[in-house]
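Quick notes on the structure that follows.
In the numbering used here, the protein residues as written are 9 to 127.
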């Protein structure tokens, strides 16, 4: 009887291990896809005023101000609950995406020129 249960337990463990190994790559792909969706959403939900505000402190590495702007859009863009735990990574990715946006680069240059002229 004990051997029978041992066989059943080993069989269940084997099936569970195979299922985990089969699903793990799909989980990583799904997580990467939803993270991209969230990052793109955060960039698209920034208003022109948000971008101007970010441009004002972009060169000073004022990350608390950056997070404050993204705090407004993150809840609307979050796709999965586990993204809350990785919010800093997602905001950093959104910031990197925004940093390559042509409109934002022009705002940043305009702010830098204005700051230089007032000094």
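We treat Cβ as the ideally placed atom computed from N, Cα and C, and that holds for glycine.
Check whether the Cβ atoms of residue 113 and residue 60 sit closer than 9 Å, and answer yes or no.
-> What you label residue 113 is simply residue 105 of the chain shown in a count that begins at 1. What you label residue 60 is simply residue 52 of the chain shown in a count that begins at 1. Between residue 113 and residue 60, the C-beta gap is not smaller than 9 Å, which leaves the two residues out of contact.
Quick one: Cα of residue 28 to Cα of residue 119, how far?
-> On the chain shown, residue 28 is found 20 positions in, with the first residue counted as 1. On the chain shown, residue 119 is found 111 positions in, with the first residue counted as 1. Legend: pLDDT at residue 28 = 44, less than 50; position of this residue unreliable, value from coordinates given subsequently. Each residue's alpha carbon lies about 51 Å from the other.
By Cβ distance, which residues of its chain are closer than 6 Å to residue 51, with the 5 residues on each side in sequence left out?
-> Indexing the chain shown from 1 puts residue 51 at position 43. The beta carbon of residue 51 sits closer than 6 Å to the beta carbons of 102, 105, 106 from its chain, once the five residues preceding and following it are set aside; these are given in chain order.
Check whether residue 98 and residue 43 have beta carbons under 9 Å apart = Here residue 98 corresponds to residue number 90 of the chain shown, with the count starting at 1. Here residue 43 corresponds to residue number 35 of the chain shown, with the count starting at 1. Result yes, Cβ atoms of residue 98 and residue 43 sit closer than 9 Å.
Where do the N-terminal and C-terminal ends of the alpha helix (DSSP H) with residue 74 fall, by residue?
-> The residue given as residue 74 occupies position 66 in the chain shown. 71 to 85 is the extent of the alpha helix (DSSP H) around residue 74.
From the DSSP output, in three-state form, read off residue 108 for me.
-> Here the question's residue 108 lines up with position 100 in the chain shown. Of the three classes helix, strand and coil, the one that applies to residue 108 here is coil, per DSSP.
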